[in-house]
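Peer 1: Have a look at the structure that comes next, please.
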Ligand SMILES: C[S@@+](CC[C@H](N)C(=O)[O-])C[C@H]1O[C@@H](n2cnc3c(N)ncnc32)[C@H](O)[C@@H]1O
């Protein structure tokens, strides 16, 4: 029997050609692929990225990871999916798990990894993280020479975001969607508008970029895939 293996793959920020060659080669030899879905029974963006690289016989299992604050509900799902992945490997199957951007950054995969642990049958394939794609697309560098960079989730307390913005040359602000008003006010207070830009749905068909945050209303509705880049050493206005 062939030895089972699990491949956790970052599939990039959205565009089908911002995925690594290694990931596409692995995708083309999977028995089963696990894809996280945003909503129960809903579509998986990660799955739509990789579909063109899959063989017809690969079984696809979409799994819904609740975003609710109910910790117990989440733990049950993570336990179940981690167990399913391990069972498939023990049955000798080639198993894939896909995740957007890079697999090791703000990714559900890490909750599964915490349960699975380091294994000789596990390989993690890196992906282009959203902020790398945004920096390239907007022509805004991240950090150079002695400069420092922080990657923050806007779900962090405002005081921590402020500390990071004061301490580092470059700050990536992820998960900005429903915290935009707070973050916008913070950037205004720290006089950082001319060093900041906001990008939503980078590399996807609905991609949007705002280079003048002073012209974006505080109640502007934003998609979940929205990120702010700040570089104090660079002016973002064209
Ligand atoms: C759960 S995290 C996933 C991060 C992912 N693992 C990565 O490496 O980019 C979701 C956050 O990533 C950012 N993000 C992911 N894809 C994006 C995209 N295509 N455009 C803009 N932001 C994106 C947003 O800040 C979003 O709230």
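Residue numbers (the UniProt record's numbering): 1 to 238. From the three backbone atoms N, C-alpha and C, an ideal C-beta is built for every residue, glycine too.
1. Between the Cα of residue 227 and those of 196, 60 and 56, spot the shortest distance and give me the residue it belongs to.
2. Could you check which residue in 225, 78 and 8 has the C-alpha nearest to that of residue 178?
3. Please identify the residue among 37, 211 and 10 whose C-alpha is closest to the C-alpha of residue 26.
4. By the three-class DSSP mapping on this structure, what secondary structure does residue 71 have?
5. Mind checking whether the beta-carbon of residue 74 lies closer than 7 Å to any heavy atom of ligand 1?
6. Figure out for me which residue from 198, 98, 114 and 120 has the closest Cα to the Cα of residue 49.
7. In angstroms, rounded to a whole number, what distance separates the CA positions of residue 12 and residue 86?
8. Quick one, which of 198, 8, 4 and 180 has its alpha-carbon nearest residue 127's?
9. Tell me whether residue 168 sits in a helix, a strand or coil according to DSSP, three-state version.
10. For residue 33, tell me which candidate among 71, 21, 154 and 81 has the shortest Cα-Cα distance.
11. Return the Cβ separation of residue 14 and residue 132 in integer angstroms, given the expectation that the two are a contact with Cβ distance under 8 Å.
12. Quick one: Cα of residue 187 to Cα of residue 222, how far?
13. So, helix, strand or coil for residue 159, using DSSP?
14. For residue 29, count neighbouring Cβ atoms within 10 angstroms of its own Cβ and tell me buried if that reaches 16, exposed if not.
15. Whole angstroms is fine: what's the gap from residue 84's alpha carbon to residue 100's?
16. For residue 23, which of 44, 208, 76 and 96 has the nearest alpha-carbon?
17. Hey, how far is the Cα of residue 278 from the Cα of residue 18?
18. Cα-Cα, which of 4, 109, 71 and 76 is closest to residue 88?
19. Let's see if you can read the secondary structure: which residues bound the alpha helix (DSSP H) around residue 196?
Peer 2: With the structure as the only source:
1. What you label residue 227 is simply residue 227 of the chain shown in a count that begins at 1. Answer by Cα proximity: 196.
2. Locating residue 178 in the chain shown gives position 178, where the first residue counts as 1. It is 225 whose Cα lies nearest to the Cα of residue 178.
3. Within the chain shown, numbered from 1, the residue matching residue 26 stands at position 26. Minimum Cα-Cα distance from residue 26 among the listed residues 37, 211 and 10 corresponds to 10.
4. As a working note, residue 71 is residue 71 in the chain shown. Shown here, residue 71 sits in a helix according to DSSP, grouped into three states.
5. Walking along the chain shown from the start, residue 74 turns up at place 74. Here the distance from the Cβ of residue 74 to the nearest heavy atom of ligand 1 is not below 7 Å.
6. As a position in the chain shown, residue 49 is number 49, starting the count at 1. Answer by Cα proximity: 98.
7. Taking the first residue of the chain shown as 1, we reach residue 12 at position 12. Taking the first residue of the chain shown as 1, we reach residue 86 at position 86. Residue 86 has its alpha-carbon roughly 24 Å from the corresponding atom of residue 12.
8. The residue you call residue 127 lines up with position 127 of the chain shown. Distances from the CA of residue 127 to each of 198, 8, 4 and 180 were compared; the closest alpha carbon is that of 8.
9. In the chain shown, counting from the first residue as 1, residue 168 sits at position 168. The answer is coil: DSSP assigns residue 168 none of H, G, I, E or B.
10. The count along the chain shown starts at 1 and reaches residue 33 at position 33. When each option's Cα is compared against that of residue 33, the closest is 81.
11. Here residue 14 refers to the residue found at position 14 of the chain shown. Here residue 132 refers to the residue found at position 132 of the chain shown. That pair is no contact at about 13 Å.
12. Walking along the chain shown from the start, residue 187 turns up at place 187. Walking along the chain shown from the start, residue 222 turns up at place 222. If I take the Cα positions, the gap works out to 17 Å.
13. Looking up residue 159 in the chain shown gives position 159. Helix at residue 159.
14. Taking the first residue of the chain shown as 1, we reach residue 29 at position 29. Per the 10 Å Cβ criterion, exposed.
15. Indexing the chain shown from 1 puts residue 84 at position 84. Indexing the chain shown from 1 puts residue 100 at position 100. If you take the alpha carbons of residue 84 and residue 100, they lie about 21 Å apart.
16. Residue numbering aside, residue 23 sits at position 23 when the chain shown is read from its first letter. When only C-alpha atoms are compared, the closest one is 96.
17. Nothing about residue 278 can be reported from this structure: the residues present for the chain run from 1 to 238 only.
18. Working through the chain shown from its first residue, we reach residue 88 at position 88. Measuring from the Cα of residue 88, the nearest candidate turns out to be 4.
19. Position 196 of the chain shown, counting from 1, holds the residue named residue 196. For residue 196, there is no enclosing alpha helix (DSSP H); the residue is found in the beta strand (DSSP E) stretching over 196–200.
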